[in-house]
Every structure is written in structure tokens, then in C-alpha cells.
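The working numbering runs 1197 ahead of the 1-based position in the first sequence.
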Amino acid sequence: MRMSRMFLHTLKEVPQEAEIPSHILMIRSGMLMKVASGIYDYLPLAWRAIRKAEQIVREEMDAAGGQELLMPAITPAELWVESGRWEVMGENMFRLKDRHKRDFGLGMTHEEIITDIVRRSVRSYRELPLILYQIQTKFRDEPRPRGGINRAREFIMKDMYSFHISWEDLDVTYKAMYRAYSNVFLRAGLDFKVVEADSGTMGGDECHEFMLPSESGEDTMFLCGKCGYSANSEMARFHYQKPDDLPPHGDPIVEIDTPGVSTIDDLVKFLKRKPSDFIKCLIYRVDGELVAALVRGDRDLNETKLRKALGAKEVELATPREIEKATGGPLGFSGPVGLKGIKIIADYEIQELRNAAVGANKADTHIINVSFGRDFEVDELAELRQAVEGDCCPRCHEKMTAERGIELGHIFKLGTKYSDSMKATYLDEKGEDHPIIMGCYGIGVTRIISAAIEKGHDKDGIIWPMSLAPYHVVVMPVVSSNEDQASGAEKLYRDLLERGIETVLDDRDLRPGVKFKDADLLGFPIRAMVGERAIEQGGVEIKIRGGEKPEMVPADKAADYIVDYIKKELDRLNGLRTAQEKEEEYVRVG
RNA sequence: CGGGGCGUAGCGCAGUCUGGUAGCGCAUCUGCUUUGGGAGCAGGGGGUCGGAGGUUCAAGUCCUCUCGCCCCGACCA
1198 MRMSRMFLHT
1208 LKEVPQEAEI
1218 PSHILMIRSG
1228 MLMKVASGIY
1238 DYLPLAWRAI
1248 RKAEQIVREE
1258 MDAAGGQELL
1268 MPAITPAELW
1278 VESGRWEVMG
1288 ENMFRLKDRH
1298 KRDFGLGMTH
1308 EEIITDIVRR
1318 SVRSYRELPL
1328 ILYQIQTKFR
1338 DEPRPRGGIN
1348 RAREFIMKDM
1358 YSFHISWEDL
1368 DVTYKAMYRA
1378 YSNVFLRAGL
1388 DFKVVEADSG
1398 TMGGDECHEF
1408 MLPSESGEDT
1418 MFLCGKCGYS
1428 ANSEMARFHY
1438 QKPDDLPPHG
1448 DPIVEIDTPG
1458 VSTIDDLVKF
1468 LKRKPSDFIK
1478 CLIYRVDGEL
1488 VAALVRGDRD
1498 LNETKLRKAL
1508 GAKEVELATP
1518 REIEKATGGP
1528 LGFSGPVGLK
1538 GIKIIADYEI
1548 QELRNAAVGA
1558 NKADTHIINV
1568 SFGRDFEVDE
1578 LAELRQAVEG
1588 DCCPRCHEKM
1598 TAERGIELGH
1608 IFKLGTKYSD
1618 SMKATYLDEK
1628 GEDHPIIMGC
1638 YGIGVTRIIS
1648 AAIEKGHDKD
1658 GIIWPMSLAP
1668 YHVVVMPVVS
1678 SNEDQASGAE
1688 KLYRDLLERG
1698 IETVLDDRDL
1708 RPGVKFKDAD
1718 LLGFPIRAMV
1728 GERAIEQGGV
1738 EIKIRGGEKP
1748 EMVPADKAAD
1758 YIVDYIKKEL
1768 DRLNGLRTAQ
1778 EKEEEYVRVG
């Protein structure tokens, strides 16, 4: 590609819409253009990188026994109604009607569609296991798109689904996917971590997230440096040690006026006490029933833990009216003292509290000097609070660290959630009917690109891993109007093209500085320069993006040098993959 | 959905408080000079000031409504 003909518009200034490095650089480098919030044009350079990521994913999925297909993006409501997710997906789903007023949703994930395919075709246990996947544009009307293509409303995703006769068989594929996912990210040069996660509205059992540690990430993960325990913030448990002796109960409880003071922040100022001296009393609707959940004032309640502790399907904060009905007081003044007719569940820490302040279940009133066990009891103690940095590992009791991360992929054991509701069954050897056991596995393909830039950049621009770079090398005559330089560069350019190297020739008649800046911004892994110095010495200056000083290579060896370097670098990334494969045994399906 | 901020040329911004002929930098076009890290000079083009209504002799500026975008939070297959 000649840069004089390339559709490329780089920006010198930081676009006002962008905040995180990958978003800024994708716009500045002319890869990305916003069409609407969370909706982007992928311009030629971005598209080349995306296609490379896709290809890596495709190769690894095929190697792990997957078969690629393509499902529609426009999906009929009936299928979603069958699984119950037409409601569950709520406003996250883009919806439309056809001319006959029939309801459709734009695909945000395809469990329903694939389950429909399988139930209409698979009859026998002999056809299982089966692994199908697609790489396709997904649509999600995110409440808040952010970070450019990191969290977009339209994005490219690989979604894979597996079908089994048993949980044991699902395990085999799950492990194979775990490995295939690791391979994908290693080849993309991404140093990922795997964490336990909650399956949320996907339903199902075990699941893992593949995370790229990054400041720009939206998720927090908890990691134990000693035993390797890792979990996302939703799932992260911790070791709770009850103190051996607690201070004695203090003065008797007293009601005090707290006019209009209802948040912990305001109470801290009003009563001049620490946040940890308060008890947060949250009223939840748990599968239709109201429950009071207690955590210390400085803690956040983890709804996933609450849901699990109560063995419930759904937990949601109660409405102000429900709170009033349950406690007799308005929102912001709930407390456990004297609270009757409602189940109370508390975080373990609550039992340590003495002389705490709580809501009095009436307007503008709080109670102080409250002690657990003396002034109130609870129905149940459980781990309800969110883990924080410094909590101890639930397995080995070592201190854990917290780190931000970008979710690159997610694998789930679904079980029979969809096969039950949509009646996808197979016949076993005895001719008996059973629901098919399912797994599902997603990778954010476009997110691989933003993540790679998030990790691979410096003050001058992008530093692509060889495996994702839109082009491997830029050949640059330093002064295009100089005939020797132009013809030297042209020759190298043609040599490289002939040898199948993805090359651009910066033949634009611009000042050298502009071309250098663009080359750095666009992040080509290799820059081959033919300038005055090179011509004098009969060589080509070769500079590795992100590397040290350029190296002068004899002109007749330059193409070899570049070809070798690219091969070595791609081999290195592939080598990470095979090296890790040897470390662990795993079973490959297919 | 709650809180905060912003919409003025393709991009980045000033002008809005205090109403009076719409500006700057970058980009772009023409010419000349220049050429190893975002050149210089000269000349040119480009705007329904997000939209609608109102106040006023006069609105980018004041008032009302509305749309869009960004950030924090809630949410997140």
C-alpha cells in the first residue's frame, strides 16, 4: 500500500470525546470514527487489525474442535420469550418490529438461536459433543458506552456454544476452551489473568473470565500472590477471622434527632463518627420477599453474595414504599433495632460492633450505642460484603491484592438452562430423552484490539504486537523528492511485497518529521528508512517500534533482515502458546 | 436512572458573565522557498454558533423547552 493513496487522516490533537489511551490513539491514528455513542466506523487500518484478531481466534477455535457458522443478527422475539430472556434483557436489547408488526431483537448473544438450531437437528447421543461458533457483530444498548470500542453498543464478538451428554463431557470441552482462550491471548501478545466470575443473567454454573490487567479496565480482580487464587470483585471471597475478645457493651441505646441526615457520608459529618461505626441496613426484595441486609457503614454489599447466601434467584433493592411497609420508616433511616416481621441477614463483621449508630426506622431519627447481641439479633450471618484490597485469601489466608482489568473473554458452564426451557434433548443408548448439557464461550474480538493498544503504546503512539499489526513494516524514503531515496525505497517495498510481507510505502511528499510522527503513531512494528545516510552507506536503516536506535543494514540484505525479524517475532508469540501447552496436560476435542 | 460537564468551520478551542458586523490554532486549497522528528512566507475557501420557541431595535451571548455527546455512579450476556 502506498501511503499517498491510503485512506488515512491522522490527528495531531487529542480528541475531546476520548479519555483512555486506546480510544485516543485509535481516533488520532485514523482507525476509528464515531457515528453515535458507542457506535463506530472501523476504518481500513482498524479493520485490518480486527481481521487479524479474528483469524487468530478462528484458528484456535477450529483447533479446539469448533465449527464456524453464522447466525442472524435479527432474531425473532419468540425464541427469547421461550427462554424467558425477552423480559430479562430489558433495555439492553435493541428491539424492532417488521412490517407485520412482529417483534425482533438485535442479537446480543445467541444461546436461544443456537439452541433452536440444535434442537431441530440433533437427535442422538451419537452426534454429541458438538461445538459451534460464530464471529459476528453483536448489539447491546449499554446504559453507558465508554472507552471507545472497549465498551461499545455494536461490537464484534466470537461466541461459541458446546453441547454434551454429561457434565463430565462438558468439563473436557471447558478445559479445552480454557486452553484455546489462553492460546488466543498469548498469540495476541496479551498478558492475561484468569479469574473466577459469576455467571449473571447467562445462568449456569462455573465460569471464568480472562482479564487483561489495565488501569483502564472496568472490573476489579482480587489476586493472591501465594496460592494463585483469583476472582473478580463480584465473586471474590475472603477469609474472615472473628476477633477473640470483643470490647464490652457500652452505654444503653439512645435515640437522637438526625433531621434530613440519611446517607453514611452525611451521618459521618453530623455525628462526627467514623464510617465503620455505622451499620448500613439495606432492604432488598429477594424472590418477591423483603429482607434486611446489614453491612458495616464503610463496606459495600455484594449482591451476588447476598443472592447466594439466601439461595435466591433474584435480589433487587426495595422501593421506598416497600421499605416503609417493611420497617415503618422512610428510606435512609432503616436499622435492625426493633425490626420485626422481616428476615435479617448480616455480614459476619456486624457481630463485632459495639456502640454503633443505626437508623431508628422512623423519619429523621437514628439510634446510637447499639451493640450486636444486646440490642438486636439477626436471623443469619454470612459473608455479604465486597472484598477490598488487603483482605485475606479465602484459601491460604495470605493478603490479596486488587487490580483493575479489561475483560477479554468469558467461559461458562451453562448446564441445561436453555435446553430445559427450549426443550433441546437427545436420545441416549436406551432411547431415553435427556436435556442437552451446554457450555458457552465468548471473546470480544474488537476488544482485543483496544486491549492490545491499551497495553502497547507510548507517548508517540501505538506499539502493535506483530500478530495484530495492520501492516508489518513501513518503508520510508526520508525525502521523497530525492530520486535515489525514492527509488531505493521503492525497490525494498517491491521486494517485501513479493515476499508476501504486509508493507506500506510512505511515498508522500511530506517533511520527514511528519512521516516519522505518523509512523510512530500508527505503530508499524518495523520502519525501514532510506535517507541520505543510508544512500551514502549503501544501506537501509531499520528501526523497531518501541526498540532502541535504528540499525544500518546493507541494502541487499534489508529484505532478508525484515522477513527474518517478522518471522522470529511471530514465532515467539506462537511459541508462548506451545510452551504453555507443554506445561499442562489437557484434552483436545475434535 | 442519579450527579457533573460540554455542544461555535473537518479537528482542538476562545468569545457567553456584561447583547451591538463570528474569531484563533491545526487541517485543507494555490504559489514560492524548504526537507533526518508534526517547516516558513504570501494568498484563498470553509459557519443555518446542536435544534425549536420566546424577550429585544438587535441574540453565539438573556429566558423556556428539546436533542446530542463526555465523565463519575448505578447497571453490565
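Note that the Cβ used here is the ideal one computed from N, Cα and C, for glycine as well.
Note to self: Check whether the region 1326-1336 and the region 1261-1271 touch, using three or more Cβ-Cβ pairs below 8 Å as the test.
What the structure shows: yes
Margin query: Taking 7 Å as the limit between beta carbons, can you name the residues of its chain near residue 1521, skipping five residues before and five after?
Written below: 1527
With a floor of 3 residues, list each beta strand (DSSP E) that falls wholly inside the region 1637-1672, ordered by position along the chain.
none
For residue 1756, which residues from the same chain have a beta carbon less than 7 Å from its beta carbon, with the 5 sequence-adjacent residues on both sides left out? 1689, 1692, 1693 and 1696
Quick test of your reading: residue 1637 and residue 1308, contact by CB under 8 Å. State the CB separation rounded to the nearest angstrom. 6 Å
### Message
I'd like the span of the alpha helix (DSSP H) that includes residue 1615, first residue to last.
### Response
1614-1618
Cutoff 8 Å; reference residue 1454; Cβ partners in own chain excluding five residues on either side
1561 and 1562
- Query: Are the Cβ atoms of residue 1615 and residue 1545 separated by less than 9 Å?
  - Reply: no
Restricting to runs no shorter than 3 residues, where is the beta strand (DSSP E) found entirely within the region 1380-1465? 1390-1393, 1404-1410, 1416-1421, 1427-1429 and 1451-1454
Residue 1738 burial status per 10 Å Cβ neighbour count (16 or more: buried):
buried
| Is there contact here, the region 1503-1522 with the region 1484-1495, by at least three beta-carbon pairs under 8 Å? | yes
Same chain only: Cβ atoms within 7 Å of residue 1709, ignoring 5 sequence neighbours per side: 1675 and 1676
Quick test of the definition: if touching needs 3 or more C-beta pairs under 8 Å, does the region 1628-1648 touch the region 1312-1330? yes
**OP:** Quickly, what does DSSP pair residue 1366 with across the bridge? List them, please.
**Re:** Bridge partners of residue 1366: none, in fact.
Problem - the region 1414-1429 contacting the region 1620-1635, beta-carbon criterion three pairs below 8 Å - result: no
Beta-carbon proximity check, residue 1713 vs residue 1742, cutoff 9 Å
no
Here's a check: name, in chain order, each residue in its chain whose Cβ is nearer than 7 Å to the Cβ of residue 1664, leaving out the five neighbours to either side.
1249, 1253, 1384, 1385, 1386, 1767 and 1770
message = Suppose contacts are defined by Cβ-Cβ distances below 9 Å. Is residue 1646 in contact with residue 1270 by that definition?
response = no
8 Å contact criterion, which residue 1740 and residue 1749 should meet: CB distance rounded
Not confirmed; about 11 Å, so no contact.
Practice prompt. Hey, could you find the ends of the beta strand (DSSP E) residue 1238 is sitting in?
Written response: 1236-1239
Buried or exposed for residue 1424, please, with buried defined as at least 16 other CB atoms from any protein chain shown within 10 angstroms of its CB.
exposed
message: So, under 8 Å CB-CB, residue 1229 and residue 1345 are touching, yes? Tell me the CB distance rounded to an integer number of Å.
response: 6 Å
query: Going along the chain, which residues of its own chain have a beta-carbon closer than 8 Å to the beta-carbon of residue 1237, five neighbours each way excluded?
result: 1229, 1230, 1231, 1345, 1346, 1349 and 1351
- Measure the C-alpha to C-alpha separation of residue 1540 and residue 1523 and round it to an integer number of angstroms. 10 Å
| query | CA-CA distance, residue 1324 and residue 1362? | reply | 10 Å
- Task: Return helix, strand or coil for residue 1203, following the three-state DSSP convention.
- Result: coil
Burial state of residue 1293, where buried means 16 or more other Cβ atoms lie within 10 Å: exposed
Less than 9 Å between the beta carbons of residue 1582 and residue 1421, yes or no?
no
Would you check if the distance between the CB atom of residue 1542 and the CB atom of residue 1578 is smaller than 9 Å? yes
Check your understanding: Just reading off the beta strand (DSSP E) that residue 1294 is part of, what are its end residues?
Key -> 1292-1294
Next item on the list: State the CB to CB distance for the pair residue 1389 and residue 1418, rounded to an integer number of angstroms; the pair is presumed to be in contact (CB under 8 Å).
Entry: No, residue 1389 and residue 1418 are not in contact; Cβ-Cβ is about 11 Å, not under 8 Å.
* Looking at the structure shown, is residue 1289 part of a helix, part of a strand, or coil, going by DSSP? -> helix
Problem set entry | Run of the beta strand (DSSP E) containing residue 1359, from where it starts to where it stops | 1351-1361
Can you list, in chain order, the residues of its chain with a C-beta nearer than 6 Å to that of residue 1603? Leave out the 5 residues immediately preceding and following it.
1409, 1411, 1414 and 1648
Endpoints, the beta strand (DSSP E) within which residue 1556 is located:
1553-1556
Check: If we ignore side chains and look at the alpha-carbon of each, how far apart do residue 1668 and residue 1589 end up?
Finding: 46 Å
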